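Comments concern the structure below.
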Amino acid sequence: MLLLGSILGRRLRRAPFFFVSVVAVTALAGESNNVAGTLPEDYFPELKTILQTAIKQAPQVLLREIEIAQQEARILGADAQRLPSLGGDIRYGSIETAVSGRASAQTRDRGLFYSVALNQALFHWGAIKHGSDIARIRVAIAEKNYVEAYRALVRDLRRQYVGLVARKSGLRYARHTLGLREAELKIAREKLSSGTISPGEVGGRQLNLDEDRLRLDRAEAEFAAERRRFGRLAGIGDITEEAIPGEMAKPAYSPALASSLLAGLLRAGGKSNFEVQVAELHLREADLGYRIANVRLRPKFNATAAYSLQNSTYATPVSVTQTGIAQQTIEVNARWSIFDGFASRGAKLEALTDKRYWQRRLQIASETVLDEAQQLERMIALDARAMEFSEIRRAGAEEGVRRAEEEVKRGNAPQTHIDAATGDLRLGEYNNALARAAFLSDWSSFVSLAGDDPALNSLPARYVREKQ
């Protein structure tokens, strides 16, 4: 956590210039459609707290955070090519040189030798700048992937949470059914004692009870596993059954709002989607890669300034001369790779292929987003209809319980009549919870896909893309 804190602090202190599409989160919120009050966290305040915690603790979000830091570190290496480089060497030794045919003359270099050189790239046809731009694009891609990871996390947490609420309602129905089976078995055994039913009928009731108990045990085990899975996904550990709400309020559905969200996404051509934006960034990266490959065989111009010192001794039969040789060099040079065995040609072909690949990926991503959004919009309308039907059936079951209670009060029916009606009500509540959960799951996925998810407002402003 300390490492990630330092990473985040370093990034927040910096403001890389390549985020040309960033706008403030508050401005985004003001421009977005009014989806407030329609998402699962608006019905379950505890879910909102979980979503806020997930951005700090969810494993997949933390991994994306580290990837951003890795790409930011690579900017330093890319920018280093544009800055001067200073180097040198120092040696201590002895070098003797003899000239063939002139035994009387020889030189000896002994002592300290050193040199210092300063090099600066002058003109590389834009290749170095393009390399720096590619490094910044990769940071932008990492940040888009970070936001997409959080968006997908929020979507999955919402789906799983409303699913847990619905499953808890199903457990309530299963437990009530098991209680009815136990009561039926008890009555059957009493009748067996009085000789009014056969042992086979009691055995059938016992088998029904055992099967219902098995279904309940399986449902409870699956419910516990889903709670653990949800806790790991959110980075909060296990959650208890008591922490899951037992009721789910009826969600609000606005066909006009759904149409407005879809129309905005269609007008933008899906460009507000993060996958589409990542494909666009990869396309820009491929284009820059082609520009770099296109100038590989052109001369590269550099400037060099150097200074060196060495000691030299020149000996003859009659004299010995010692000198210190200092050399200063200032030059502009060109390095030109005239033929590299078609490596440059291969690099250009690879870059062109990358461009075509990402152009196709961009087209596919845009079409997929638009198709998925339209399908979700249709599913939401169907979910709303199914939810209304389940509301009617639940209301009918509630009325059935009321009538059963009246009949029992009048003495026209036994207590088991109320128990059976209550079982129908529990089943109606479970089916109603499933319908509401399906609607909320599809609706929140639709809002997230359309780019109007308010959960993203908790991210740093520079991660949020401009509304198209």
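Heads up: take any position in the sequence shown, counting from 1, add 763, and you land on my numbering.
We treat Cβ as the ideally placed atom computed from N, Cα and C, and that holds for glycine.
Predicted model, so just to flag it, every value in this text is computed and none were measured.
Per DSSP, K954 is paired with what?
In DSSP, K954 forms no bridge with anything.
Taking 7 Å as the limit between beta carbons, can you name the residues of its chain near K1118, skipping five residues before and five after?
Cβ neighbours of K1118 beyond the five flanking positions: L1046, A1049, D1050, Y1053.
Closest to H939 by C-alpha separation, out of R978, S957, D919, would be which residue?
Cα-wise, what sits closest to H939 is R978.
Evaluate K1034 with the Cβ neighbour count: other Cβ atoms within 10 Å of its Cβ, from every protein chain shown; 16 or more gives buried, anything less gives exposed.
Answer is buried; the Cβ neighbour count reaches 16.
Exposed or buried, L1044, counting other C-beta atoms within 10 Å across all chains shown (16 or more means buried)?
It counts as buried.
Can you have a look at K1172 and say buried or exposed, based on whether 16 or more other CB atoms are within 10 angstroms of its CB?
Counting Cβ neighbours within 10 Å, K1172 comes out exposed, since fewer than 16 surround it.
Once you ignore the five residues that flank I950 on each side, which residues in its own chain have a CB closer than 6 Å to its CB?
Closer than 6 Å at Cβ, skipping near neighbours: no residue.
Is the region 950–970 close to the region 1022–1042, with three or more CB pairs under 8 Å?
No: fewer than three Cβ pairs fall under 8 Å.
Would you mind sorting P1177 into buried or exposed? The rule is 16 or more other CB atoms within 10 Å of its CB.
Exposed, by the Cβ-count rule.
Applying the criterion that 16 or more other CB atoms from any shown protein chain within 10 Å of the CB defines a buried residue, is Y877 buried or exposed?
Burial call: exposed.
DSSP on F993, reduced to helix/strand/coil?
If DSSP states are grouped into helix, strand and coil, F993 belongs with the helices.
Rounded to the nearest angstrom, what separates S956 and G933 at their Cα positions?
Taking the straight line from one Cα to the other gives about 35 Å.
What's the C-alpha gap between V824 and T1116?
Their Cα atoms are separated by approximately 32 Å.
Here's the rule: buried if 16 or more other CB atoms are within 10 angstroms of the residue's CB, otherwise exposed. What is F1152?
It counts as exposed.
Note down, in chain order, each residue of its chain lying with its Cβ closer than 8 Å to the Cβ of Q820, except the 5 sequence neighbours on either side.
The residues are A997, G998, I999.
From the DSSP output, in three-state form, read off N797 for me.
Reduced to three states, the DSSP call for N797 is coil.
Tell me the rounded alpha-carbon separation between A1149 and A1198.
Near 6 Å, if we compare the C-alpha coordinates of A1198 and A1149.
Label T1185 either buried or exposed according to how many other C-beta atoms from any shown protein chain fall within 10 Å of its C-beta, with 16 as the threshold for buried.
Buried: at least 16 other Cβ atoms inside 10 Å.
Using only the heavy atoms of the ligand MN, determine whether one of them is closer than 8 Å to the beta carbon of L1112.
The ligand MN is absent from the structure shown, which contains no ligands of any kind.
Could you tell me how far apart the beta carbons of Q969 and L948 are, in whole angstroms, since I believe they sit closer than 8 Å?
Indeed, because the Cβ distance is near 6 Å, the residues count as touching under 8 Å.
Would you tell me roughly how many angstroms separate the C-alpha atoms of K907 and Q1091, rounded to the nearest one?
Between K907 and Q1091, the C-alpha separation is close to 50 Å.
Assign A1021 to one of two classes, buried (16 or more other C-beta atoms within 10 Å of its C-beta) or exposed (fewer than that).
So A1021 ends up on the buried side.
In angstroms, rounded to a whole number, what distance separates the CA positions of G994 and A946?
Cα to Cα, the separation comes out at about 37 Å.
Is there contact here, the region 1199–1212 with the region 1138–1146, by at least three beta-carbon pairs under 8 Å?
Yes: the two stretches touch, three or more of their Cβ pairs being nearer than 8 Å.
Nearest-angstrom Cα distance between G1027 and G926?
Taking the straight line from one Cα to the other gives about 29 Å.
Could you tell me the boundaries of the alpha helix (DSSP H) in which Q1040 lies?
It spans 1037–1057 - the alpha helix (DSSP H) in which Q1040 sits, taken as one unbroken run.
Tell me the DSSP secondary structure of Y877 in three-state form.
The answer is strand: DSSP assigns Y877 an E or B state.
Closer than 8 Å by C-beta to V1132: which residues in its own chain qualify, once you throw out the five before and the five after it? Chain order, please.
Cβ within range, chain order: L1028, G1033, N1036, E1038, V1039, L1212.
Have a look at F1008 and E953 and give me their C-alpha separation to the nearest angstrom.
Looking at the sequence itself, residue 1008 is Pro, so the reference to Phe does not match. Distance between the alpha carbons of P1008 and E953: 39 Å.
Under a CB-based cut-off of 9 Å, is R1119 close to chain D?
Here there is only one protein chain, and chain D is not present.
Buried or exposed for F807, please, with buried defined as at least 16 other CB atoms from any protein chain shown within 10 angstroms of its CB.
Buried, since its Cβ has 16 or more Cβ neighbours within 10 Å.
If I'm right that F1209 touches L1024 with Cβ under 8 Å, what's the distance once you round it to whole angstroms?
About 7 Å; that satisfies the 8 Å criterion.
Quick check: what's the CA-CA separation for L881 versus I897?
Spanning the two alpha carbons is a distance of roughly 26 Å.
What separation, rounded to the nearest whole angstrom, lies between the Cα atoms of E804 and G840?
Taking the straight line joining both Cα atoms gives about 43 Å.
Is the CB-CB distance between Q883 and A1097 below 9 Å?
Cβ atoms of Q883 and A1097: not closer than 9 Å.
What whole-angstrom Cβ distance do I838 and V902 have, given they're in contact under 8 Å?
With 8 Å as the limit, I838 and V902 qualify as a contact, their Cβ atoms being about 7 Å apart.
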